[in-house]
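The C-terminal residue of the sequence shown carries number 443 in the working numbering, and the numbering is unbroken.
By construction, the Cβ of each residue, glycine as well, lies at the ideal position given by its N, Cα and C atoms.
Structure record follows, encoded as structure tokens.
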Amino acid sequence: MIAVDAQRLLGRIRELGAVGRDGEGRLTRLAGSDADKQGRDLLVGWLRQAGLDVAIDSIGNIFGIWQSADNADNSPVLIGSHIDTVIDAGIYDGCYGVLAGLEVIETLKASGLSPSRPLAVAAFTNEEGVRFSPDMMGSLVHARGLNLETALAAVGTDGSTLGAELARIGYAGEREPGFLKPHIYVELHIEQGPVLEREGVPIGAVENLQGISWQRITLDGVANHAGTTPMSMRSDAGYAAARVVTSLHDQAAASNSPTVATVGTLRLEPNAINVIPSRAIFTVDLRDPNEQRLRAQEAALSAFLDELAAEGIAVTVERLARFEPVIFDGQVVELIETAARKRGLASRRMTSGAGHDAQMMARITPAAMIFVPSAGGISHNPREHTEDAELVAGANILLDVIVELAGMEARGND
Ligand code: HGY
Ligand code: MN
Ligand code: MN
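So this is what it looks like as structure tokens:
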């Protein structure tokens, strides 16, 4: 059976993983940053080395395309993910899927196989959404779910705008977002959760992805002296925020469902040891595979905020992102399971807890995902790890799925 070049893939994952380290060795390549540029430049160099046509669109999505004269009229099979990271990240999230996509195309190109469709790999801009909201931004613009100008005008946590940053790093591309209309989309990704490792299963055939709700909430109270103000006379924005954090956590934990709730950022003003906080600014990340439960979570939060308002706290809510749950393409999911079986690998169907570009691409084309295990279920953490053998196994399943999709067409859809 045809197989990927394991050392080339693993070497590139490590080489890209070394790009964007700070003085303490922490890996951070936020969208539009200098570190993001370095990672992008490295990837584009590899795409060119592999002899692919490189195209960059005006939201900075990078595409490497392998097409020949006799298949250029057909829409491509697209493999994708992202190479931007969170803060103090691991080296596999997103990067593994892009580099495995490149590896699969490079392997097929060298194998003499002539797919009846072009094959393409994409690195989508700003999947993580840490600096600019919403997340999965590049693939959302590609799928026409977000207007290009709105995306380029997104203001980052540092006051920059995405459009200016893409221009500054040289990735404000020429191509119209969505220029590449995929026939089908497949994404390989680390699970970022505990299921596969806990069950000892090497391959996840991802059949759905949970809904995501991101909000930024500002609570305004009254700054006052920490020593002279009686507890009964306080309008303490920090205490109010802490009550929201506790209420969200306890509700989700008690819900006896896959519901999850996270307050990942929290800032107090004026942020002084002896001043009752006048303002608390924090973000809320709610997720659930079931849209009704997700709406119920949002409604419960809104009701709690109304209670705080009735106590005199001023509440401002800004919606940052809202994506409904997504069901992936059953046929592609079955292809993944068959490919695993043919290689003697166990697989199991599963839900993705994390957001991915695949959920945006599913709006415009059949899409599905392949997962490989995450050690300890850890991700968005420098301890993120997947064994080499598991990484290579996942890449070979991706290879087989792509050969099948292209091969199926090559045999005239028999
Ligand atoms: O937030 C997410 O799930 C993804 O990592 N952007
Ligand atoms: Mn990711
Ligand atoms: Mn991520």
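Under a three-way DSSP split, which group does residue i fall into?
i    : result
A383 : coil
L349 : strand
A338 : helix
D443 : Per-residue confidence for D443 stands at a pLDDT of 33, beneath the threshold of 50, marking its modelled position as unreliable; no derived number is given.
F333 : helix
T247 : strand
E236 : strand
L217 : strand
H414 : coil
R227 : helix
R322 : helix
V115 : coil
L177 : helix
A404 : helix
A98  : coil
A60  : coil
A391 : coil
A32  : coil
A201 : coil
Which residue marks the beginning of the alpha helix (DSSP H) containing residue i, and which one marks its end?
i    : result
N425 : 417-439
D65  : 63-78
A269 : 266-283
A129 : 124-140
L195 : 191-197
E44  : 35-46
I365 : 359-371
Considering only DSSP beta bridges, list what residue i is partnered with.
i    : result
S110 : A152
H171 : DSSP lists no partner for H171.
R378 : A234
F311 : I246, L295
N253 : I305
I88  : None; I88 has no bridge partner.
I241 : R316, F352
V184 : T190
R50  : L56
A290 : L315
I'd like to confirm something about residue i: is its beta-carbon nearer than 8 Å to some heavy atom of ligand 2, or not?
i    : result
A152 : no
E157 : yes
G123 : yes
H111 : yes
H171 : no
H414 : no
What residue range is occupied by the uninterrupted beta strand (DSSP E) comprising residue i?
i    : result
M398 : 396-401
I91  : 91-95
V83  : 82-85
Give me the residue from the options with the minimum Cα distance to residue i.
i    : options                : result
V230 : S97, L38, N237, E416   : E416
S237 : T247, E320, I198       : Position check: residue 237 holds Asn in this sequence, whereas Ser was assumed. Comparing Cα positions, the closest option is E320.
F400 : L248, Y125, G52, S97   : Y125
V251 : L56, A343, E132, M390  : A343
T257 : N303, E178, S189       : N303
A193 : R272, G61, A375        : G61
G405 : A201, V224, G174       : V224
I94  : A282, V133, R50        : V133
A329 : V273, S376, L374, G359 : V273
V115 : L71, L56, V83, P144    : L56
P211 : I246, D314, G109       : G109
P287 : L45, G382, S143        : G382
A424 : Q78, R377, R372, A387  : R372
D429 : H385, A282, P411, L374 : L374
Q326 : P306, I120, A283       : A283
E419 : I232, E178, Q78, G123  : I232
G240 : D317, A101, E216, A139 : D317
Q244 : A422, L349, L142, L364 : L349
V432 : E156, A271, S140, I310 : S140
F357 : L337, E340, R378, D335 : R378
Using a threshold of 8 Å, is the CB atom of residue i nearer than that to any non-hydrogen atom of ligand 1?
i    : result
A282 : no
V289 : no
M390 : no
D317 : no
I241 : yes
D164 : yes
D63  : no
Less than 8 Å between the CB of residue i and some heavy atom of ligand 3, yes or no?
i    : result
H409 : yes
V115 : yes
Q221 : yes
A383 : yes
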